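Asker:
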Amino acid sequence: MIQIIKGSRALGASPILDNMHRARKHVFVDLLKWNVPVVRGEFERDQFDTSDAIYLVSTDDKAAHLGSFRLLPTDRPHLLGALFAELCDAPVPTGPDILEITRGCLSPRLRAAERLRLRNRLISAAVDYALDNHISAFTCVADSGWLSQILAMGWDCELLGMPRLVNGVTTGALRIDIEPRTVDVLRQAGTYIASGLRNGAAASLAA
Numbered sequence: 313m314i315q316i317i318k319g320s321r322a323l324g325a326s327p328i329l330d331n332m333h334r335a336r337k338h339v340f341v342d343l344l345k346w347n348v349p350v351v352r353g354e355f356e357r358d359q360f361d362t363s364d365a366i367y368l369v370s371t372d373d374k375a376a377h378l379g380s381f382r383l384l385p386t387d388r389p390h391l392l393g394a395l396f397a398e399l400c401d402a403p404v405p406t407g408p409d410i411l412e413i414t415r416g417c418l419s420p421r422l423r424a425a426e427r428l429r430l431r432n433r434l435i436s437a438a439v440d441y442a443l444d445n446h447i448s449a450f451t452c453v454a455d456s457g458w459l460s461q462i463l464a465m466g467w468d469c470e471l472l473g474m475p476r477l478v479n480g481v482t483t484g485a486l487r488i489d490i491e492p493r494t495v496d497v498l499r500q501a502g503t504y505i506a507s508g509l510r511n512g513a514a515a516s517l518a519a
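Each residue of the sequence shown is one higher than the last, beginning at 313 in my numbering.
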């Protein structure tokens, strides 16, 4: 199941978000060794996990985390604008119709084929959410692993500047334009998996 949760919660208030923050700590801090905030030694949460954040979270039937994305409004503080603006050759794209995709996190327990399908489901849900809410573009900051995947998904995507080394890792900033034809383009590329979200901003999506 993929759920859309608008706004961060206090720890203990949402098992789904608690499990997401635990998973983010395991992936980003324990495995990837990112230098990011950890709360109580267990949860990865940063200054952008606020009431403005929108979470797309995939869980199993026991609320165990499988994968998630975080969407941030760019007309408020967000990762690219606040911390990585130097990755853009021009001013950072911002506005009420642009969201930033951050913290893409997939469970390392999943097999490769399961991870690919879940990644595509989360991307499809994000596109459907954007089309339902008059969002014209996503931005994101991505390391070399995610960067190549994002560029190869088939959508209208451009680098905002030449990738650079950030903490020893090649990192780039991207803009992804979203329009009605994006669904067909992603479907032709084998990325899009219909979520049903565009039928009315549902709170949860079938897996």
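Note that CB positions come from ideal geometry on N, CA and C, so glycine has one too.
What you are looking at is a predicted structure, and each value in this text was computed from that prediction instead of being measured.
Look up glutamine 315 in the DSSP assignment and say whether it is helix, strand or coil.
Answerer: strand
Asker: Okay, do the stretch 331–340 and the stretch 411–431 touch, 3+ Cβ pairs below 8 Å being the bar?
Answerer: yes
Asker: Considering only residues of the same chain and omitting the five flanking positions on each side of tryptophan 346, which have a CB-CB separation below 7 Å?
Answerer: Excluding the 5 residues flanking it on each side, tryptophan 346 has same chain C-beta neighbours closer than 7 Å at Phe340, in chain order.
Asker: State the beta-bridge partners of glycine 379 as determined by DSSP.
Answerer: In the DSSP output, where bridge partners are listed per residue, glycine 379 has Ser370, Leu418.
Asker: Under 7 Å, do phenylalanine 360 and leucine 434 count as touching if we go by C-beta distance?
Answerer: no
Asker: Which word fits aspartate 521, buried or exposed, when buried means at least 16 other C-beta atoms lie within 10 angstroms of its C-beta?
Answerer: This structure leaves residue 521 out entirely; the chain is present only between 313 and 519.
Asker: Which residue's Cα is closest to the Cα of isoleucine 366: Ala442, Trp467, Gly457, Pro492?
Answerer: Ala442
Asker: Note down the Cα distance separating valine 404 from leucine 472, rounded to an integer number of angstroms.
Answerer: 8 Å
Asker: According to DSSP, is arginine 487 helix, strand or coil?
Answerer: strand
Asker: Are there 16 or more other CB atoms within 10 angstroms of the CB of leucine 453, so buried, or fewer, so exposed?
Answerer: Sequence inspection shows valine at residue 453; the leucine mentioned does not correspond to that position. The residue in question, valine 453, is buried, as its Cβ has 16 or more Cβ neighbours within 10 Å.
Asker: Would asparagine 511 be called buried (16 or more neighbouring beta carbons within 10 Å of its own) or exposed?
Answerer: Low local confidence applies: a pLDDT of 37 at asparagine 511 is under 50, so the model's placement there is unreliable, and no value is given.
Asker: Count the other C-beta atoms from every protein chain shown that fall within 10 angstroms of the C-beta of glycine 480, then say buried if there are 16 or more, exposed otherwise.
Answerer: Exposed, since its Cβ has fewer than 16 Cβ neighbours within 10 Å.
Asker: Could you check the C-alpha separation between glutamate 356 and alanine 449 for me, to the nearest Å?
Answerer: 26 Å
Asker: Straight-line CA distance for leucine 323 to histidine 333?
Answerer: 9 Å
Asker: Under three-state DSSP, which class holds threonine 503?
Answerer: coil
Asker: When DSSP labels each residue in this structure, what does arginine 429 get in the three-state scheme?
Answerer: Three-state DSSP puts arginine 429 in a helix.
Asker: Might you give, ordered along the chain, the residues of its own chain that have their beta carbon closer than 7 Å to the beta carbon of arginine 336, omitting 5 neighbours on each side?
Answerer: The residues are Glu356, Arg415, Cys417.
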